[in-house]
Amino acid sequence: MKLNRRNFIGSAAAVSATLSAPMVMGASHGRPKVVVIGGGAGGATVARYLAKDSKGAIDVTLVEPTRTYFTCFFSNLYIGGFREFSSIGHTYGKLAADYGINVVHDWAIGVDRDAKTVTLAGGGTLPYDRLVLSPGIDFKDGAVPGWDVTAQQKMPHAYKAGSQTQLLKAQLEAMPQGGTFCMVAPPNPFRCPPGPYERVSMVAHHLKANNPTGKILIVDPKPKFSKQGLFQEGWANHYDGMIEWVGPDFGGDKVEVRPDGMEVVIDGEVTKVDVCNVIPAMKAGKIAEIAGVTNEAGWAPVHAATMASKADENIHVLGDSSHQGDMPKSGFAANSQAKVAAMAIRGALTGSKVFPAKFTNTCWSLLDTDDGIKVGASYEATDEKIAKTDGFISKTGEDAALRKATFEESVGWYDGITSDMFG
Amino acid sequence: MIEFKHLLLSAVVACFAQAAAANHDGADAKRGERVFKKCRSCHKVGEGATNRVGPQLNLLFQRTAGSVEGFKYSPSMLRAGADGLVWDHVSLDTYLENPKSLISKTRMNFRGLKDPGDRADVMAYLRQFSDNPANIPEASPTIVGTDHEVDPEILALQGDPEYGEYLSSECVSCHQIDGADSGIPSITNWPVEDFVIAMHAYKDKKRVHPVMQMMAGRLSAEEIAGLAAYFEKVGQ
Numbered sequence: 001m002k003l004n005r006r007n008f009i010g011s012a013a014a015v016s017a018t019l020s021a022p023m024v025m026g027a028s029h030g031r032p033k034v035v036v037i038g039g040g041a042g043g044a045t046v047a048r049y050l051a052k053d054s055k056g057a058i059d060v061t062l063v064e065p066t067r068t069y070f071t072c073f074f075s076n077l078y079i080g081g082f083r084e085f086s087s088i089g090h091t092y093g094k095l096a097a098d099y100g101i102n103v104v105h106d107w108a109i110g111v112d113r114d115a116k117t118v119t120l121a122g123g124g125t126l127p128y129d130r131l132v133l134s135p136g137i138d139f140k141d142g143a144v145p146g147w148d149v150t151a152q153q154k155m156p157h158a159y160k161a162g163s164q165t166q167l168l169k170a171q172l173e174a175m176p177q178g179g180t181f182c183m184v185a186p187p188n189p190f191r192c193p194p195g196p197y198e199r200v201s202m203v204a205h206h207l208k209a210n211n212p213t214g215k216i217l218i219v220d221p222k223p224k225f226s227k228q229g230l231f232q233e234g235w236a237n238h239y240d241g242m243i244e245w246v247g248p249d250f251g252g253d254k255v256e257v258r259p260d261g262m263e264v265v266i267d268g269e270v271t272k273v274d275v276c277n278v279i280p281a282m283k284a285g286k287i288a289e290i291a292g293v294t295n296e297a298g299w300a301p302v303h304a305a306t307m308a309s310k311a312d313e314n315i316h317v318l319g320d321s322s323h324q325g326d327m328p329k330s331g332f333a334a335n336s337q338a339k340v341a342a343m344a345i346r347g348a349l350t351g352s353k354v355f356p357a358k359f360t361n362t363c364w365s366l367l368d369t370d371d372g373i374k375v376g377a378s379y380e381a382t383d384e385k386i387a388k389t390d391g392f393i394s395k396t397g398e399d400a401a402l403r404k405a406t407f408e409e410s411v412g413w414y415d416g417i418t419s420d421m422f423g
Numbered sequence: 424m425i426e427f428k429h430l431l432l433s434a435v436v437a438c439f440a441q442a443a444a445a446n447h448d449g450a451d452a453k454r455g456e457r458v459f460k461k462c463r464s465c466h467k468v469g470e471g472a473t474n475r476v477g478p479q480l481n482l483l484f485q486r487t488a489g490s491v492e493g494f495k496y497s498p499s500m501l502r503a504g505a506d507g508l509v510w511d512h513v514s515l516d517t518y519l520e521n522p523k524s525l526i527s528k529t530r531m532n533f534r535g536l537k538d539p540g541d542r543a544d545v546m547a548y549l550r551q552f553s554d555n556p557a558n559i560p561e562a563s564p565t566i567v568g569t570d571h572e573v574d575p576e577i578l579a580l581q582g583d584p585e586y587g588e589y590l591s592s593e594c595v596s597c598h599q600i601d602g603a604d605s606g607i608p609s610i611t612n613w614p615v616e617d618f619v620i621a622m623h624a625y626k627d628k629k630r631v632h633p634v635m636q637m638m639a640g641r642l643s644a645e646e647i648a649g650l651a652a653y654f655e656k657v658g659q
């Protein structure tokens, strides 16, 4: 608590500099220390690459509250019945045993940038030479009137994978015949741009088999969305007449929810729904805000070449939380940024060679059985941002064999990236 | 005339020049039939042709790779077909020159036709077994005499495996380092030359996969050599 307040007050206070002096020495004695907060696509990857490539020269601590991490990517496929829940769960045993990473299952609740320490909810303090924040997303308070986290049992977000995902699937399966599944889609920018629309496809896949008169209503504040043409073509092909998309022209940006009565109010008009998936507006994970590295929009600006925070050169921010330029907020992007950050951190702490930063991203989405699509791009670091250099997207009207191969490729990618994260 | 033409071409090819195209004013189906003798032990073409060691070659042009019914293709060929590889003058010319440049693990055990004239002629011969040969160009002038082979100077580059290891971090977001190949091909423990040829085929957009075209497109020849050197030895 004291540490947090001090950060809010500002870093220039002389008293904090005096207090922090012994900590700095503690951190710089012996092997340089890197603390990573968040064990997802960004955090697990950066921890693994730092440990692996420094061959023990860097002391790496990974702070992640959950012992089994469920990936957000492919959690929609679980909702659609294409994956077992257990297949998207991963543990940190290999990172600890094979890579020597100190895995701490705790919440980071404070960052003292002067003392260069992280405070844990369990009471511990971790000194660092470099801190990596990869905490994913949190939701903006009051983004959807009527909804807050106390309502997430009735109206799940299911946008951090885990029990919320299981809850949403259970609600979908219990939906009465002919009922309505409503999704309140988020405004830009948000985690996984095609995610809500892939989820709708998966919900529709379930309904087609189990509840064919069921309906899906998407209330969307955005005039357009990722891979829109491909999704809409897929919906027409597979789920004709089942999905209604209400954009801002029809009040999609003026939505309120009433969790107690399971009502959605769109531009003043009340609609009763049976399941309501509210995905609110997002911001960087809370610890980035606590560390004082976020901007007024709630994201953490970073230098593209190193992923170092523009507010503090000893803190790097990866993935969804970062404000970096052209890359979407995706697990693939976080994994890609983590490798650039690991190289930069290693270079700074051990003098290893630093090569030019390169970034890539690909986002696969599943429309229905064996109907996969993808979008992707490559990027480079400029002085100003991560800038797109080239890209591709699936085309409408592709044949079934290509779509099947695209889906199979996504399954192969899942295995690839999760081994790259967790060893 | 024809003989002279090929003499000239062979001479030019021998010194790795690529500018001979202009001298080749058309492919010769009759001569192509003679070249096809090299293929005949495995491939049948013409009336009643059936699959043998290789698939039958009737209606080859505009056919999707790996799509002849009843023929057991390599997974690599099936994947290329699913990615959208269609046989036309461009793709066939590349495949015939060096099958592995297009399909790394093809079952077609053939070194390739190094002479561009041989390839143009054999394609002119095969073209006759199409439904409507008139709709298929005899041989596009940009194809005849084009040398697709990766420049020997590029093949001779000694890759730095350490640099390759750094670059490989981009590859292993999708390709598994332990060599597993479900959905996405394995790229570990390939002979260096095969790896380099395959990557340059993506870079030159001869291979159709859009992700790989993008990834290879921004790698230099040195970077590809580094990756090849790293992946050749990985896990060994």
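Line order of the protein sequences matches chains A and B.
Using this note's numbering, you'd call the opening residue of the first sequence number 1 and step up by one each time.
Using this note's numbering, you'd call the opening residue of the second sequence number 424 and step up by one each time.
From the three backbone atoms N, C-alpha and C, an ideal C-beta is built for every residue, glycine too.
| query | result |
| --- | --- |
| Neighbourhood of residue 577 of chain B by C-beta distance below 6 Å, restricted to the same chain and skipping five residues each side | 644 |
| Residue closest to residue 590 of chain B, alpha-carbon to alpha-carbon, out of B:650, B:606, B:639 | B:650 |
| Neighbourhood of residue 245 of chain A by C-beta, 7 Å cutoff - its chain only, sequence neighbours within 5 removed | 218, 220 |
| Residue range of the unbroken beta strand (DSSP E) whose run includes residue 102 of chain A | 102–104 |
| Neighbour flag for residue 591 of chain B against chain A, beta carbons, 7 Å | no |
| beta-carbon residue 496 of chain B near the ligand NAP non-hydrogen atom, thresh 6 Å | Summarising the ligand content, the structure contains no ligands, and the ligand NAP is consequently not present. |
| Contact with chain A by residue 630 of chain B, beta-carbon distance below 7 Å | no |
| Neighbour flag for residue 599 of chain B against chain A, beta carbons, 7 Å | yes |
| When B:574, B:467, B:622, B:502 are compared against residue 529 of chain B, the one with the closest alpha-carbon | B:502 |
| Distance between residue 312 of chain A and residue 293 of chain A (C-alpha atoms, nearest Å) | 7 Å |
| Buried or exposed (CB count within 10 angstroms, at least 16 for buried), residue 229 of chain A | exposed |
| Residue from B:601, B:549, B:541 whose Cα sits closest to the Cα of residue 612 of chain B | B:601 |
| Residues, ordered as in the chain, of the stretch 371–390 of chain A that lie near chain B by beta-carbon distance below 8 Å | 374, 376, 377, 378, 389, 390 |
| Residue 290 of chain A: contacting residues in chain B (beta-carbon distance under 9 Å) | Ordered by position in chain B, no residue passes the 9 Å Cβ test against residue 290 of chain A, which lies about 30 Å from the chain. |
| Burial state of residue 634 of chain B (16 or more Cβ within 10 Å) | buried |
| Cβ of residue 364 of chain A within 7 Å of any chain B Cβ | no |
| Residues from the stretch 503–516 of chain B in contact with chain A, defined by Cβ distance under 9 Å | 504, 505, 506, 507 |
| CB contact flag (residue 161 of chain A, residue 75 of chain A, <7 Å) | yes |
| Minimum Cβ-Cβ distance from residue 619 of chain B to chain A less than 7 Å | no |
| Where residue 45 of chain A falls: helix, strand or coil (DSSP) | helix |
| Chain-ordered neighbours of residue 607 of chain B on chain A, where CB pairs are closer than 7 Å | 409, 412, 413, 416 |
| Beta carbon proximity, residue 369 of chain A to chain B, threshold 7 Å | no |
| Proximal residues to residue 497 of chain B (C-beta, below 6 Å), its chain only, five neighbours per side dropped | 528, 529, 530 |
| Cross-chain neighbours of residue 358 of chain A in chain B, by beta carbon under 7 Å | 593 |
| Beta carbon proximity, residue 641 of chain B to chain A, threshold 7 Å | yes |
| Helix, strand or coil at residue 107 of chain A according to DSSP, with G and I counted as helix | coil |
| Neighbourhood of residue 23 of chain A by C-beta distance below 6 Å, restricted to the same chain and skipping five residues each side | Note that residue 23 of chain A scores a pLDDT of 39, beneath 50, so its modelled location is shaky; the value from the coordinates is reported in the next line. Excluding residues within five positions, the ones whose Cβ falls inside 6 Å are 115, 117, 127. |
| Proximity below 7 Å, CB of residue 284 of chain A to CB of residue 300 of chain A | yes |
| Interface flag, residue 657 of chain B vs chain A, CB-CB below 7 Å | no |
| Contact with chain B by residue 326 of chain A, beta-carbon distance below 7 Å | no |
| Residue 609 of chain B to residue 657 of chain B span [Cα, whole Å] | 12 Å |
| Among B:449, B:480, B:454, B:450, the one whose alpha carbon lies nearest that of residue 464 of chain B | B:480 |
| Contact with chain A by residue 596 of chain B, beta-carbon distance below 7 Å | yes |
| Distance, residue 111 of chain A Cα to residue 203 of chain A Cα | 40 Å |
| Spatial distance of residue 417 of chain A from residue 335 of chain A (CA atoms) | 8 Å |
| Endpoints, beta strand (DSSP E) assigned at residue 34 of chain A | 33–37 |
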